[in-house]
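Colleague: Have a look at this one.
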Amino acid sequence: MKNADITSIYKELDDQYFMPAFSRNMAIVRGKGSIVWDGTGKEYIDCVAGIAVCSTGHCHPAVVKAICDQAHELIHCSNLYYVPHQGELAKKIVEITGLKKAFFSNSGAEASDGALKLARVRTKKKKFVAFTHGFHGRTIGSLAVTHKPAAREPFEPLGLPTTFIEYGNLDALKKAVDDDTAAIIVEPIQGEAGVIIPRDSFLEGIREICDATGTLMIVDEVQTGMGRTGKWLAIQHTKIEPDIVTLAKGIASGFPMGALVARDGLEFTKGEHGSTFAGGPVACAASLATISVLEPLLPEIVRKGERFRQGLAKYHPRVRGLMIGITVGDKCPDVQKECAEHGVIVNCAADGNLRLVPPLVISDAEIDCVVKVIDGALGKVML
Ligand SMILES: Cc1ncc(COP(=O)(O)O)c(C=O)c1O
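For the sequence shown, the working numbering assigns the number 1219 to the initial residue and increments by one for each residue that follows.
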């Protein structure tokens, strides 16, 4: 079978047998480092990276080896038993986040659900406050604190009473929090909204409101965490100490995994939470390998982000490490298409914001190539 046939075969099966919840027209069949190949064999620099997932690049040899070695030994055993690598990973996650205890999940949405459950069960309060344009997942619980009307409205009523406050508006936030608010959940940089970076004083203000009212601060680092912004957590660019942090996406280089990590005194007790698959041996092995690969890369991330910033300066990019947003507007899909034609994959987040979240291993030469292609695409489409 020729490469050229693969996409159409995938499409045919997809059209007939897969629920049409995604909009797609391209197959990605192979990846190595920052490069992926489509169904026709065409090569691209991948600035989507599975939406901030493939942090160590595609198929990093250390991650592949960790997965294969563990798969030969034991793929699954259940959380009824001590699980190989799980404790070691929990220790590592606690160390890098500066929090006290971890609990694993299979996705970001599940990590959000777990964080909301933990907040409710420990505070005995019912309500939540979240922010406009915020995204925390698509399970019923995480959707309840996700703002996007198109994602939530068809499924209302959602179980958790949630008040949405304008992202950045501390005065409104103060008025919204009351004695029955269990937690405020916030992204330190809004990813799905298009890389919206708030002032540090906004995040500091949330902490102050939480302290004054006995409300928990849940920081959703699903997209911003695991080194994406040059520190393990984006909140670590500030002095804020969150109560609960959620992680997923880049935590295991694409092997499905998430985590919630909480400060001293906040933990699930027996029977309060659980999962068949979460924190399985292969996922934990993949995550430990991921962390080992990322550790020496962290000091480079901010510099790489600045290289993007300089190259794209005339488009006023919003840059925090390797999380980059550019306001493009209605023509964003055209820019995305033009970039793909020239061998660079980018994606449009909400409101016409071009988003770049490349693998953290991306090289300077690759960054320069991406910058050239985006510059060309924006120049052509926006003229
Ligand atoms: C900030 C944030 N939280 C939670 C999620 C949900 O993660 P998942 O898709 O793994 O359920 C996402 C996904 O985009 C996200 O960006």
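Glycine included, every Cβ here is placed at the ideal spot set by N, Cα and C. Keep in mind the model is a prediction, meaning the values are calculated, not measured.
Would you identify the three-state DSSP class for VAL1395, choosing helix, strand or coil?
Modeller: Walking along the sequence shown from the start, residue 1395 turns up at place 177. Three-state result, VAL1395: coil.
Colleague: Is PHE1603 near ligand 1, with its Cβ less than 7 Å from a heavy atom?
Modeller: For residue 1603 there is no data in the structure shown, the boundaries of the chain being 1219 and 1601.
Colleague: Comparing C-alpha positions only, which one of ARG1242, ASN1243, LYS1467, VAL1266 sits nearest to GLY1251?
Modeller: Here residue 1251 corresponds to residue number 33 of the sequence shown, with the count starting at 1. Nearest C-alpha to GLY1251: VAL1266.
Colleague: To the nearest angstrom, how far is the alpha carbon of PHE1495 from that of VAL1599?
Modeller: Start at 1 with the first residue of the sequence shown, and residue 1495 comes out as number 277. Start at 1 with the first residue of the sequence shown, and residue 1599 comes out as number 381. One C-alpha to the other measures close to 46 Å.
Colleague: Please find out if some non-hydrogen atom of ligand 1 comes closer than 7 Å to the beta-carbon of GLN1441.
Modeller: Here residue 1441 corresponds to residue number 223 of the sequence shown, with the count starting at 1. Correct: GLN1441 has its Cβ closer than 7 Å to ligand 1.
Colleague: What three-state label does DSSP hand ARG1168 in the structure shown?
Modeller: There is no way to answer for residue 1168, as the model of the chain reaches only from 1219 to 1601.
Colleague: Looking only at DSSP bridge pairs, what is VAL1266 linked to?
Modeller: Counting from 1 along the sequence shown, the entry for residue 1266 is found at position 48. Answer by DSSP bridge pairing: none, since VAL1266 is not bridged.
Colleague: With a 10 Å radius around its C-beta and 16 neighbouring C-beta atoms as the bar for buried, classify GLU1513 as buried or exposed.
Modeller: Against the sequence shown, residue 1513 aligns to sequence position 295. Answer is exposed; the Cβ neighbour count stays below 16.
Colleague: In this structure, does DSSP put CYS1587 in helix, strand or coil?
Modeller: Within the sequence shown, the letter at position 369 stands for residue 1587. Helix at CYS1587.
Colleague: Going by C-alpha to C-alpha distance, which of GLY1445, VAL1437, ALA1400, ALA1568 sits closest to LEU1540?
Modeller: In the sequence shown, counting from the first residue as 1, residue 1540 sits at position 322. Comparing Cα positions, the closest option is GLY1445.
Colleague: Any contact of the stretch 1293-1309 with the stretch 1502-1517, i.e. 3+ C-beta pairs under 8 Å?
Modeller: The stretch 1293-1309 vs the stretch 1502-1517: in contact.
Colleague: Going along the chain, which residues of its own chain have a beta-carbon closer than 7 Å to the beta-carbon of GLY1570, five neighbours each way excluded?
Modeller: In the sequence shown, residue 1570 corresponds to position 352, counting from 1. Answer for GLY1570: THR1545, VAL1546, GLY1547, ASP1548, CYS1550, listed in chain order.
Colleague: Of the residues MET1237, GLY1332, ILE1285, which one's Cα is nearest the Cα of SER1493?
Modeller: Within the sequence shown, residue 1493 is the residue found at index 275, counting from 1. Nearest C-alpha to SER1493: GLY1332.
Colleague: Cα separation between ASP1582 and LEU1515?
Modeller: Here residue 1582 refers to the residue found at position 364 when the sequence shown is read from its first residue. Here residue 1515 refers to the residue found at position 297 when the sequence shown is read from its first residue. Looking at the two C-alpha atoms, the distance is approximately 13 Å.
Colleague: Could you tell me whether the Cβ atoms of ALA1477 and ILE1469 are closer together than 8 Å?
Modeller: Locating residue 1477 in the sequence shown gives position 259, counting from the first residue. Locating residue 1469 in the sequence shown gives position 251, counting from the first residue. Yes, Cβ-Cβ distance for ALA1477 and ILE1469 is below 8 Å.
Colleague: Got a sec: does ligand 1 put a non-hydrogen atom nearer than 7 Å to the Cβ of GLU1518?
Modeller: Indexing the sequence shown from 1 puts residue 1518 at position 300. No, the beta carbon of GLU1518 sits no closer than 7 Å to any heavy atom of ligand 1.
Colleague: Can you give me the C-alpha to C-alpha distance between SER1226 and ASP1461, rounded to a whole angstrom?
Modeller: Here residue 1226 corresponds to residue number 8 of the sequence shown, with the count starting at 1. Here residue 1461 corresponds to residue number 243 of the sequence shown, with the count starting at 1. Roughly 48 Å separates the two Cα atoms.
Colleague: Judging by CA-CA distance, which residue of HIS1354, GLU1384, PHE1420, LEU1601 is the nearest neighbour of GLY1441?
Modeller: Within the sequence shown, residue 1441 is the residue found at index 223, counting from 1. A small fix is needed here, since residue 1441 is Gln in this sequence, not Gly. For the residues HIS1354, GLU1384, PHE1420, LEU1601, the minimum Cα distance to GLN1441 belongs to HIS1354.
Colleague: Please return the same chain residues whose Cβ sits closer than 8 Å to the Cβ of GLY1377, not counting the five positions on each side in sequence.
Modeller: Position 159 of the sequence shown, counted from the start, is the residue given in the question as residue 1377. Result list for GLY1377: ILE1358, GLY1359, ALA1362, in chain order.
Colleague: Report the start-end ranges of each alpha helix (DSSP H) in the stretch 1350-1376 that is 4 residues or longer and not cut off at the edges.
Modeller: DSSP runs (the alpha helix (DSSP H)) wholly in the stretch 1350-1376: 1358-1362, 1367-1370.
Colleague: Rank LEU1574, ILE1424, ILE1509 by C-alpha distance to the C-alpha of GLY1386 and give the top, closest one.
Modeller: Against the sequence shown, residue 1386 aligns to sequence position 168. The shortest C-alpha separation from GLY1386 is found at ILE1424.
Colleague: Is the stretch 1576-1592 close to the stretch 1554-1561, with three or more CB pairs under 8 Å?
Modeller: Contact between the stretch 1576-1592 and the stretch 1554-1561 is present, because at least three Cβ pairs lie under 8 Å.
Colleague: For ligand 1, any of its heavy atoms closer than 7 Å to the Cβ of SER1330?
Modeller: As a working mapping, residue 1330 is identified with position 112 in the sequence shown. Yes, since a heavy atom of ligand 1 falls inside the 7 Å radius drawn around the Cβ of SER1330.
Colleague: Could you say which of ILE1407, THR1399, ASP1418, GLU1405 lies nearest to ASP1610 if we only look at CA atoms?
Modeller: Given a span of 1219 to 1601 for the chain in the structure shown, any question on residue 1610 remains unanswerable.
Colleague: Report the rounded CA-to-CA distance for GLU1422 versus ILE1458, giving the unit in angstroms.
Modeller: Translated into the one-based positions of the sequence shown, residue 1422 becomes position 204. Translated into the one-based positions of the sequence shown, residue 1458 becomes position 240. Rounded to the nearest angstrom, the two C-alpha atoms are 6 Å apart.
Colleague: On the premise that ILE1269 lies in contact with VAL1564, defined as a C-beta separation below 8 Å, what is that separation, rounded to the nearest angstrom?
Modeller: Here residue 1564 is taken as the residue at index 346 of the sequence shown, counted from 1. Here residue 1269 is taken as the residue at index 51 of the sequence shown, counted from 1. Incorrect: roughly 11 Å between the Cβ atoms, too far for contact.
Colleague: I want to check one thing, is the minimum distance from the CB of SER1510 to the heavy atoms of ligand 1 below 7 Å?
Modeller: Locating residue 1510 in the sequence shown gives position 292, counting from the first residue. Checking every heavy atom of ligand 1 against the Cβ of SER1510, none is found closer than 7 Å.
Colleague: Grouping DSSP H, G and I as helix and E and B as strand, with all else coil, what is LEU1378?
Modeller: The residue labelled residue 1378 in the question sits at position 160 within the sequence shown. Note: LEU1378 maps to coil in three-state DSSP.
Colleague: Our contact map puts GLN1408 next to GLY1352 with C-beta atoms below 8 Å; I'd like the distance itself, whole angstroms only.
Modeller: Counted from its first residue, the sequence shown places residue 1408 at position 190. Counted from its first residue, the sequence shown places residue 1352 at position 134. Right, the Cβ-Cβ distance comes to about 6 Å (below 8 Å), so this counts as a contact.
Colleague: CB-CB under 8 Å to ALA1567, same chain, minus the five flanking residues each way: which ones, in chain order?
Modeller: Counting from one through the sequence shown, the residue named residue 1567 turns up at place 349. Here the set comprises GLY1409, GLU1410, ALA1411, GLY1412, VAL1413, GLY1543, ARG1573.
Colleague: Distance check for LYS1229 and LYS1220, CA to CA, integer angstroms please.
Modeller: As a working note, residue 1220 is residue 2 in the sequence shown. As a working note, residue 1229 is residue 11 in the sequence shown. Confidence in LYS1220 is poor, its pLDDT being 48 and thus under 50, which makes the residue's placement unreliable; the coordinate value appears in the next sentence. If you take the alpha carbons of LYS1220 and LYS1229, they lie about 16 Å apart.
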